[in-house]
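What follows is a single structure, written as C-alpha cells, with notes after it.
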Amino acid sequence: MPNKLEQFKVPLLQKNNIPEVIEKLLGKKIFNVQIERLALDCRRKGNPHFVCNATFNTEIAPIATSEILLKKYKKNNEMPNDVSIVGAGPAGLWAAYGLLLKGHKVNLYEQGKPIEERFRDIRRFLKGGIFLEHSNIFFGEGGAGAFSDGKLNTRNRTEFSQAVLGDLIKLGAPEEIAYLAKPHIGTDRLQFLIKNMRKQILELGGKIHFESCLQDISVTENRLNSICINKKWQPCEVLVLASGHSARNIYAMLSAHGAQLEGKSFAIGARIEHPQSFINESRFGKGVDYKLTGAADYTLTGKTAYSFCMCPGGIVVPCASEPNGVVTNGMSYSRRNSPFANSALIVPCHIEKDDIKSGIALQRQLENAAFEMAGKNFSVPKQSAESFLSKKSCLWDLMPKHISHALEAALYEFEKKMPGFIKNGTLIAPETRTSSPIRIVRKENGESVSISGIYPVGEGAGYAGGILTSAADGVRLAYVI
Ligand SMILES: Cc1cc2nc3c(=O)[nH]c(=O)nc-3n(C[C@H](O)[C@H](O)[C@H](O)COP(=O)(O)OP(=O)(O)OC[C@H]3O[C@@H](n4cnc5c(N)ncnc54)[C@H](O)[C@@H]3O)c2cc1C
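And the structure:
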C-alpha cells in the first residue's frame, strides 16, 4: 500500500521538486511519488503557494493507461470483429485505440484532413476568412479539441479519464497532467500528441480515412446494415458514432432513420476578454512573480450566468462550421503567454426532452445574426462591457433579450467579486457551442436504444463534454462493447 500525504504546502519555486519537499517534511527517502492533486492556493493575497496531495512508496507503480486498463478485459466474441468509427476527435480516436487494443479491426472515417493540413487551413481562415466546410476549428483530425486551450478538466476522475491521461503522457504530454488539479496542454503541444496517436493507431493495424464523410446509413428492422461514405455504400454492422456536437446533419440523418434523440439543456452567451495583468493582480495580489504562478484563471458563478472554459493567457478565436454563421471560442498555447485572458460567460437554456429542434435553431439563429452583423467575413461582433451595460446597440441587438439581461446582471455580480471586471472587459459574441443541445439516447452497453449496431459516443452523443471526458467516453465504450 502506498503512503499518502495530504494538503501539504509547496512553495511556488518548488513546484517541480515535490518529491524533495516531501522528503524534507518526512526526513526520509521516498520513491514513486504520485502527485494526486496540485492546486494553486491564492486565498491570501501576496502569498500564493501550491497545496498538494501525494502518494509514494518504495516500488515503481505503473501509470494507468488504456493499454493497462483494457488488457484485463477479453474481447467479446459475440461482437463482430470489424468496427467502423466516424469522427477523429478525442472520442473517436480513443474508441479506435481502445478497440484495437481489444483486438478489433478498425476503420476510422474523418470528414476533415490530417492535423498538419488542417492547421494550415485554420491559419488561412483566421487570416482571411477563407471558410472550408470540412476543415476548420471544429472539424478535422483531433476534432474540436485540437485547436483549443487543451484544458484537461473533468468533474469526476474515473479509471477511464485517468487512463487517457496516462496515454497522453505516453504520447509525449508532460507528466504533470497526471496530478495537476487543472491540467493544460495548449494547442501547440496537442497537435504533436494527436500525430503520435495517429501513429499508434496505424501501428496497431487501424485504418484512418481522411476526407471521408458519413452521409447516410441504411437500417433494416431497427438494425444498422450499411453506411454511405463519400457517396459509396458499404456493409457495416457496428458503427461508433463520434461525430461531435457540431455535426448537425448527423442528428437530422439519425432522426430520419428513427433513432431516439432527446433535447438537452445547454448554455449560450458571450466571451469576455480582459488584460491578463488585471486577472493576475485580482487573483494573486501585487508583487507576485507571475512567471512562477503561471497566468491566473478564475471561476465565477452568478445567479443568472457563469464563467466557462476560461483561457488564461489565451486568444479569442472566431469559429465556423457553416458558411453563414460564426461563433466565438477560446484557445491558448502551452505557455499561456498572451497578454489577454478570456472566458465564456454563459446563461443556461432549458430544453425539453421532446424538443430536438429548438436548441440547434437558437444556436444557428445567433450564429447567422453574428455573421451578418460583423460584415459576413467571419469576424465576430464585440463591444466593451461598459458600453454593453449602457445598453448601446450591438450585442443587445444580437442576443435574445433574456440572455442579454442575464449577462447584464452577472456582470454587476462579478464586478463585486472582482472589482474592475466591467471596466477592463470586452464582450465578444456569440458563444453557442458550449455543449450538445441533443442527446442520442443509448443503453448501458453504449448502443443506441433504437438502432442496434450504432454506438454514439463523446460530446455529440450528449454524454460527455470536453476533451478529457469525450476521450474517456471513447475508452469506456471500448471497455463495455
Ligand atoms: C476552440 C475550442 C476550444 C476548446 N477548448 C477546450 C478545452 O480547452 N478543454 C476542453 O476540455 N474542451 C475544449 N473544447 C471542447 C472540446 O473540443 C470538445 O468537447 C471535444 O473535442 C469533443 O470531442 P468529440 O470527439 O466528442 O467530438 P469532436 O471533437 O467534435 O470531433 C468530432 C469529429 O467528427 C468529425 N465528423 C463529424 N461529422 C462527420 C461525418 N459525417 N463524417 C466523418 N466525420 C465527421 C468532425 O470532423 C470532427 O473531427 C473546445 C472546443 C473548441 C471549438
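Each residue of the sequence shown is one higher than the one before, starting from 15 at the first, in this note's numbering. Backbone N, C-alpha and C define an ideal beta-carbon position, used for all residues, glycine too. Just so we're clear, the structure is a prediction, and the values are computed from it rather than from any experiment.
| Item | Value |
| --- | --- |
| Give me the Cα-Cα distance between glycine 373 and proline 451, rounded to the nearest whole angstrom. | 5 Å |
| Given the structure, does cysteine 363 come close to ligand 1, in the sense that its CB is under 7 Å from one of the ligand's heavy atoms? | no |
| Which term fits asparagine 244, buried or exposed, when burial requires 16 or more other beta carbons within 10 angstroms of its beta carbon? | exposed |
| One question on the structure: do leucine 275 and arginine 453 come within less than 8 Å of each other, judged by their Cβ atoms? | yes |
| For the beta strand (DSSP E) that contains phenylalanine 385, what are its first and last residues? | First-last for phenylalanine 385: 372-387, but that is the alpha helix (DSSP H), not the beta strand (DSSP E). |
| Counting only runs of 4+ residues fully inside the segment 101-169, write out the alpha helix (DSSP H) ranges in chain order. | 104-115 and 129-142 |
| Excluding five sequence neighbours on each side, which residues of the same chain lie with their C-beta closer than 6 Å to the C-beta of cysteine 242? | Gln229 and Asp230 |
| Using DSSP with H/G/I as helix, E/B as strand and the rest coil, what is lysine 209? | helix |
| Can you check DSSP and say which residues form a bridge with alanine 355? | His288 |
| Which residues mark the beginning and the end of the beta strand (DSSP E) in which leucine 470 is found? | Correcting the residue identity first, residue 470 is proline in this sequence and not leucine. First-last of the beta strand (DSSP E) with proline 470: 468-470. |
| Mapping the DSSP letters down to three states, classify methionine 413 as helix, strand or coil. | coil |
| Quick check for students: name the residue ranges of the beta strand (DSSP E) that lie wholly in the segment 205-258, counting only runs of 3 or more. | 221-223, 228-234, 237-243, 246-249 and 253-255 |
| Could you tell me the alpha carbon to alpha carbon distance between alanine 75 and glutamate 381, rounded to whole angstroms? | In this prediction, alanine 75 scores a pLDDT of 47, lower than 50, which makes its location untrustworthy; the coordinate-derived value is nonetheless stated afterwards. In a straight line, the C-alpha of alanine 75 is about 49 Å away from that of glutamate 381. |
| Check whether the Cβ of alanine 158 sits closer than 7 Å to any heavy atom of ligand 1, and report yes or no. | yes |
| If I'm right that threonine 318 touches alanine 420 with Cβ under 8 Å, what's the distance once you round it to whole angstroms? | 4 Å |
| Quick check: what's the CA-CA separation for phenylalanine 224 versus isoleucine 144? | 20 Å |
| For alanine 478, tell me which candidate among Ala256, Lys367, Tyr347 and Lys431 has the shortest Cα-Cα distance. | Ala256 |
| Return the CA-CA distance between phenylalanine 152 and glutamine 28, expressed in angstroms with no decimal places. | 38 Å |
| Based on the DSSP output, what are the partners of serine 98 in its beta bridges? | Asn121 and Leu253 |
| Within the segment 20-76, note down every full beta strand (DSSP E) run reaching 3 residues or more, in order along the chain. | 45-55 and 63-71 |
| By Cβ distance below 6 Å, which residues in the same chain neighbour valine 233 in space, the five residues on each side in sequence not counted? | His271 and Ile465 |
| What are the boundary residues of the beta strand (DSSP E) that valine 331 is part of? | 329-333 |
| Should threonine 315 be labelled buried (16 or more other beta-carbon atoms within 10 Å of its own) or exposed? | exposed |
| Rounding to the nearest angstrom, what Cα-Cα distance links alanine 423 and serine 162 in this structure? | 29 Å |
| Given that a residue counts as buried once 16 or more other Cβ atoms are within 10 Å of its Cβ, and exposed if not, what is aspartate 135? | buried |
| Would a C-beta distance cut-off of 8 Å place leucine 179 and alanine 192 closer than the cut-off? | yes |
| Report yes or no: do the segment 78-92 and the segment 484-493 share at least 3 C-beta pairs separated by less than 8 Å? | yes |
| Can you give the beta carbon distance from serine 346 to glycine 327, rounded, assuming they're within the 8 Å contact cut? | 6 Å |
| For asparagine 210 and chain D, any beta-carbon pair shorter than 8 Å? | Looking for chain D here will not work: only one protein chain is present. |
| Taking C-alpha atoms, which residue in Phe354, Pro104 and Pro62 lies nearest to valine 489? | Pro104 |
| Span of the alpha helix (DSSP H) holding glutamine 176? | 173-185 |
| Anyone know if the C-beta pair for valine 361 and glycine 283 falls short of 8 Å? | yes |
| Taking the beta strand (DSSP E) that lysine 396 falls in, what are its first and last residues? | 396-398 |
| Nearer than 7 Å: is that true of the beta carbon of serine 321 relative to any heavy atom of ligand 1? | no |
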